[in-house]
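Peer 1: After the structure tokens below, expect a handful of questions from me.
2 protein chains.
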Amino acid sequence: MKKENKQDSIRYLFEPRGVAVIGASGTKGKIGHALCYNILEGGYKGKLFPINPKGGTILGQTVYKDITDVPDIVDVAAIAVPAKYVVHAVESCGKKGVKYLLVVSSGFSEIGNNEEENKIVALARNYGMRVLGPNIFGLYSAASSMNSTFSASKIQAGHVAILTQSGALGVAMIGRTTVTNIGLSSIVSTGNKCDLDEADLLRYLVPNPQTKVVLMYIEGVKNGARLIETLKWATTQKPVVVIKSGRSTRGAMAAASHTGSLAGADNIFEAIMKQCGVLRAENLDEAFNWCKYLAFSPKPRGKNAVIITNGGGVGVLATDACEKFNVKLFDDQTVLKKVFDPLIPVYGSSKNPVDLTGDANSDIYIRALSGPVKCEEIDATIALYCEASTFDSHNLIAMIKDTFKKHKAAKKPICYAIVGGEDVENAYLTLRKENIPVYAEVYDAVSAMGVSYRHQRYLKEKTGKIDEADIDVEKINAIVDQALADKRRFLLAHEGIEVMKAARIGIPRSKVAKGLEQVLESAEEIGFPLVMKIVSRDILHKSDAGGIALDLENTQDVMHAYEAIIQNCKRYKPDAKINGIEVCEMLEPGTELIIGARRDRAFGPIIMCGLGGIYVEVMKDVVFRALPLNKKETMNMLKEIKAFPVLLGVRGEKRRDIDGIIDTIIKVGTILNKCKKITDIEINPVVVYEQEKGLRALDVRILIKNPDKEKK
Amino acid sequence: MKKENKQDSIRYLFEPRGVAVIGASGTKGKIGHALCYNILEGGYKGKLFPINPKGGTILGQTVYKDITDVPDIVDVAAIAVPAKYVVHAVESCGKKGVKYLLVVSSGFSEIGNNEEENKIVALARNYGMRVLGPNIFGLYSAASSMNSTFSASKIQAGHVAILTQSGALGVAMIGRTTVTNIGLSSIVSTGNKCDLDEADLLRYLVPNPQTKVVLMYIEGVKNGARLIETLKWATTQKPVVVIKSGRSTRGAMAAASHTGSLAGADNIFEAIMKQCGVLRAENLDEAFNWCKYLAFSPKPRGKNAVIITNGGGVGVLATDACEKFNVKLFDDQTVLKKVFDPLIPVYGSSKNPVDLTGDANSDIYIRALSGPVKCEEIDATIALYCEASTFDSHNLIAMIKDTFKKHKAAKKPICYAIVGGEDVENAYLTLRKENIPVYAEVYDAVSAMGVSYRHQRYLKEKTGKIDEADIDVEKINAIVDQALADKRRFLLAHEGIEVMKAARIGIPRSKVAKGLEQVLESAEEIGFPLVMKIVSRDILHKSDAGGIALDLENTQDVMHAYEAIIQNCKRYKPDAKINGIEVCEMLEPGTELIIGARRDRAFGPIIMCGLGGIYVEVMKDVVFRALPLNKKETMNMLKEIKAFPVLLGVRGEKRRDIDGIIDTIIKVGTILNKCKKITDIEINPVVVYEQEKGLRALDVRILIKNPDKEKK
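Structure representation (structure tokens):
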């Protein structure tokens, strides 16, 4: 069998020339029937081939006894036979030359049957086939009008692509999209993700011109590093919204029992999604609100938004919401006056929120809402309406349609929040069927506009650049290999220090010297103040032995200390073999940081940073990122630490060497990237001084393993 | 005029025997017409008296030219004449013996016209009348079927009492209540709150048996101390939900321009509402969801909730939501198995969330949902439904009604979240009209149940007890009076220390001694280690003069130090007059706290506490409470400090003297309570040691003013 390039062929999953349903059935209520019915009902552009050993016809289509009997090309086969027959079906598909398998059947890893699932994948790989599922409800693709799902016979074509790890929820989401009139470019049930996962599917869905927004429901991430890479690219093309359940410890447990995948720690997921520019919604409602807005609203050209309202109360609520969702309210009063004073009632206010007062009717609204359309300085409009007896409510729908159209023509985003009784509710229900961003709650409206801004800000900030440090990879690998040869899974303290040196990360300067002359030389080299310590295998408790001298300010001190240490130690243990004296720089107190990096099981290489001591232990004030990073991203990461101002200098202290911290983080990231046998690095503490004085890693723990010999 | 007791008479505002409309009009569209129309249309049980100098009839009612002409009792007069005529109308009402004025007219403090507003209040007071408004849409009271509002002719009677500071929003809220079928026991527009405010109105609304929940929309608080007192009482009777807008800095600005009242700092408001057991909603949707649930759901008897679902995905989402909203999921698997295994399909799961699987139909739901009804150990149910083709969707509504009824009969709370298409949407719209807590979003359902639990927890924890400290009020007042006599608005450092002493708050032990003998005596008394400092008006820079000695460990050290200080100072300034030597305890380093209390303009006496230094300056890690407090509340307050674990002892340190901190906070609170001329106290830092070693106030700033002489 010729193996095709995966990237090129993914199109066949969504736009297959022929689809076979293995386990097709003429009995209503059976999955094999529903699949055939929905494919036909949906108006699929290719050919359907029902497969059943019994033969005959189903819904007027000839049934083939075996897929290998089909005389035409079959790109996709939906398999809906009991779990124990799936392997056989896969084998037949392989022989037929099928490209993609939708394994609808359940009874695999979700109930602990990993073996059977692995068999399917291995067999499919062998034939160059890719597998979606198992344990899925199917796939819908607007591009080929193919509804090969077993649950929803009516799916509306449109601009949102949905990937869902939960089947039941996916089906319910399809229902919700029809109620809220959100059309789909595709919906894919990812199920157990034994082979194809979100990253693969995004490669087709994102460039697809019909897709304007991607919505993903994720319970657990398996190959996070690849997902991260794909999302970083995807979000530069289209907005991506994600609902990740299993936030809570208990939710993660529930998710694990549900799809048998790993739910990563939520704060890591949160940080990484932000890093990738993904818009994370807390729940379905929020996600749908966002998707609808993002699919139908133009991108704001600038950040100046204006609120127009007939009630002060909702105006204040919207102002609060703008702060929460980071929507900037325009406040150049000169411009606001110029634009709105001629348009609004004399007793209204042209301050933002612009108040038309409770007496405003639809004419006044239409006039006032023309202000932002024409004004160069205003980039986005939030229109609020509080039901008022003075408003001509039979014109509410027309007013909104009219002003929306004008905004659309001018490519300016607008959202509406309308609060009131039956008339308002009817307007809301009517307008949401017309893809106009109308909300019944002020916070929902502003939140939707807010994510649009958030995505724009991300795009503006984002660079594809990766910064890498110049480190001595060979030397580090040699240290690690030696430790692995010693059957260790960790590095010893001095090996850790050697790794720091090889990565050019600052450590306390120190030298082991023999005899007074060498000690004085070392002292000169390292600089004062100094610490001296006895080096002897026979003296374990150096201070008990009087083998340590602190705070040595000059040569004189060093000479005295040398005499004292030697004499003390001889007196303490006359037969001790003295290997030398360690001369170290005496560290001043600085700001303690913790920098940690590890290969996360779900997300691949990640890095963590925070201030040390109580900040990390009690306040949990740390931030995460996926690796690799560039310097700008690293700076942004540091700024997210709540105690960051401490690094800028507080209480009369000087600014800390922030560039040095960034360099160190890049270096640690580079180690993890280049030295594949290192799994964990934690520098705690690394002490940071003022700009000129740099930083010093005081304690380093490094874990290692041989990835070739052990499975992660 | 006889003045009635306010408390007794407030009933007349809501259940007046007669209502006059001053400014009544026969012209449709006029406020004076709408008021009369709505009162009649609403079926008001008392008598309506339209007042207009033109006389005649309006809507079939005789119009009186002046209110004094009315031959019957008039308890309430709604005034809807232009602002400039209001004072005259008030005068007439006073003469007539009206008890309550609804000043609907606008044009007062909301546009800066405070003078006219003050006149109204003064005049009304004079006649023993109370004023609601001005700048309001009116008041509706189910108890008397009185709809004296000008905006909404149809208001549904029910169990939610609404107080709204925004008129326009209030009217829109009435509309929303009809759509969502939330009946009202009352809705009151509070407007400018020139006289009656939320605290007054709650005194009637809360005990009213028709009220089951109170909802308040607040933009700014004027007499916070009284509101706090009232809310503390109200929440023990009924759940109180509040929406406070003006959270953001900008929102607060918008609120100020809107009603001319002060929006207090949001974190203070937030803390105080929590302290009062008030349930704060972020927005209207949330508030309405909560109110509806609280009005119609029984209180949970215990904390064990169970999720029942047909989809794993929504189950996980609900589990996350339970963690967020603090709903405890029952997890005694023995009980769950016993209860659910006989009720659910064999392939389902009796683990919580209980999974009926996607194949569940209405029968299975009805069976499964009978589990919690019968089980003693389960206290609350969260029922989830994901639209599935296998479900008999025509039975969805019946299934929910049936299971709700059973839960209701058993007095067990249940909430539903249903996700799907048209059928589900219709069920949602139908059921919400029947006061069944059905939500379209899992988070909304769990959030509603969560606030019910929150209220229960508050009631359980709450005690009315106030702890007061035994402080020397007379002495403190004497210090303050002396400073006021000196025309100071602050206390000097040594005066602050004297106040600390009078309140028995720990300060560093110190004594001024003359001559070596006295110095030695003082040293003995204070205990070692010690610090000695020269006391001389002629020596300002003590350390430059060599006038300070640190770290004195014993009598010997003290004698040497005495000699040295005297000699140094004589050498430094031979003619200096030496007043003595201050002998102080030498303080060890401890944990620094900040404790501050002040009379807030909006909320009255409040207290703040947090760890000192960077914790307060950078991390803003402080907590607020309204005063007075008891020790338990104070402990809860401390626990909210994020760095609280530091006080419990971290990194090998011993537990700090937390009882001492609580005592100090109670003492500071008592000072503010008893010494009315003190406006601000800030102790920063107060150093806290281990249990036995107590704490020391190192620096105290106290601001004062004479409340009798100056207006706040």
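If you read the sequences in order, they're chains A and B. Residue numbers for the first sequence follow my numbering, so the first one is 1 and each next one is one higher. Residue numbers for the second sequence follow my numbering, so the first one is 713 and each next one is one higher. No residue lacks a Cβ here, since even glycine has one placed at the ideal position from N, Cα and C. Just so it is clear, the structure is predicted and the values come from calculations on it, not from any experiment.
#1: Output the distance between the C-alpha atoms of A448/A and V206/A, rounded to the nearest integer angstrom.
#2: Note the first and the last residue of the continuous beta strand (DSSP E) segment covering D1392/B.
#3: For the segment 1209-1229 of chain B, enumerate the residues whose C-beta is nearer than 7 Å to any C-beta of chain A, in chain order.
#4: Cα separation between G1239/B and K1187/B?
#5: At 4 residues or longer, what runs of the alpha helix (DSSP H) sit wholly inside the segment 1148-1228 of chain B?
#6: Where does T614/A land, buried or exposed, given buried means 16+ other C-beta within 10 angstroms?
#7: Taking only beta carbons into account, state which residues of the segment 628-642 of chain A come closer than 9 Å to chain B, listed in chain order.
#8: For the beta strand (DSSP E) that A789/B lies in, which residues bound it at each end?
#9: On the three-state DSSP scale, how would you describe F981/B?
#10: What residues from chain A crowd round S897/B, counting only those whose CB sits closer than 8 Å?
#11: If I'm right that G26/A touches G46/A with Cβ under 8 Å, what's the distance once you round it to whole angstroms?
#12: Examine the Cβ distances between the segment 462-479 of chain A and the segment 395-407 of chain A and report whether three or more of them are shorter than 8 Å.
#13: Runs of 4 residues minimum, wholly inside the segment 571-653 of chain A: which ones carry the alpha helix (DSSP H) assignment?
#14: With DSSP run on the structure shown, which of helix, strand or coil describes Y1059/B?
#15: Compare the C-beta of E1137/B with all C-beta atoms of chain A and state if any pair is closer than 8 Å.
#16: Which residues of the segment 779-794 of chain B have a Cβ closer than 9 Å to any Cβ of chain A? Give them in chain order.
#17: Give the interface partners of I1326/B over in chain A, defined as CB-CB distance under 8 Å, in chain order.
#18: Quick one: give me the first and last residue of the alpha helix (DSSP H) that N838/B is part of.
#19: Is it buried or exposed for V446/A, if we count other Cβ within 10 angstroms and need 16 for buried?
#20: With C-beta atoms as the reference, is Q156/A less than 8 Å away from T177/A?
#21: Figure out for me which residue from Q237/A, N267/A, T230/A has the closest Cα to the Cα of R247/A.
#22: In whole angstroms, what is the alpha-carbon distance linking I1251/B and C1296/B?
#23: Using only the alpha-carbon positions, how far apart do A24/A and I187/A sit?
#24: For a test of the three-state rule: what should DSSP assign to D1032/B, helix, strand or coil?
#25: Confirm, please, whether the CB-CB distance from I51/A to A83/A is below 8 Å.
#26: Hey, is R226/A's beta-carbon within less than 8 Å of any beta-carbon in chain B?
#27: List in chain order: all unbroken beta strand (DSSP E) runs of 3+ residues lying wholly within the segment 723-810 of chain B.
#28: Could you tell me which of D699/A, P628/A, F490/A, K408/A sits nearest to N673/A, measuring between CA atoms?
#29: In chain B, what lies closer than 7 Å to L317/A by C-beta?
#30: Does the beta carbon of A1157/B sit closer than 8 Å to a beta carbon anywhere in chain A?
#31: Taking just the CA atoms, how far does D657/A sit from E521/A?
#32: So C750/A contacts chain B; which residues on that side make the cut at Cβ distance below 8 Å?
#33: Counting only C-beta atoms, is R1144/B closer than 8 Å to chain A at any point?
#34: Which residue from Y1284/B, L896/B, A1235/B puts its Cα closest to that of A1257/B?
#35: Cβ of N208/A within 8 Å of Cβ of A143/A?
#36: Check each candidate in C569/A, Y12/A, A34/A, R11/A and name the one with the smallest Cα separation from I22/A.
Peer 2: Taking the structure as given:
#1: A448/A and V206/A: Cα-Cα distance of roughly 21 Å.
#2: It spans 1390-1400 - the beta strand (DSSP E) in which D1392/B sits, taken as one unbroken run.
#3: none
#4: Going from the Cα of G1239/B to the Cα of K1187/B covers about 28 Å.
#5: 1154-1173, 1185-1197, 1205-1214
#6: At residue 614/A the sequence reads Ile, which differs from the Thr that was named. It is buried - the Cβ of I614/A has at least 16 other Cβ atoms within 10 Å.
#7: K642
#8: 788-791
#9: helix
#10: By Cβ distance, chain A contributes nothing, its closest Cβ being about 18 Å from S897/B, past 8 Å.
#11: Their Cβ separation, rounded to whole angstroms, is 21 Å, which puts G26/A and G46/A out of contact at 8 Å.
#12: They do not touch, by the three-pair rule.
#13: 614-617, 631-639, 644-648
#14: coil
#15: yes
#16: Listed by position along the chain: nothing, the set is empty.
#17: A643, V646, V650, R651
#18: 826-838
#19: buried
#20: yes
#21: Residue N267/A is the option with its Cα nearest to R247/A.
#22: 18 Å
#23: 22 Å
#24: In this structure, D1032/B counts as helix in the three-state DSSP scheme.
#25: no
#26: no
#27: As far as the segment 723-810 of chain B is concerned, its whole beta strand (DSSP E) runs of at least 3 residues are 730-734, 759-763, 788-791.
#28: P628/A
#29: S957, N995
#30: No, A1157/B does not count as interfacial toward chain A.
#31: 29 Å
#32: The structure shown does not extend to residue 750/A, since chain A is modelled only from 1 through 712, so no value can be given for it.
#33: no
#34: Taking A1257/B as reference, the option from Y1284/B, L896/B, A1235/B with the minimal CA-CA separation is Y1284/B.
#35: yes
#36: That would be A34/A, whose Cα lies nearest to the Cα of I22/A.
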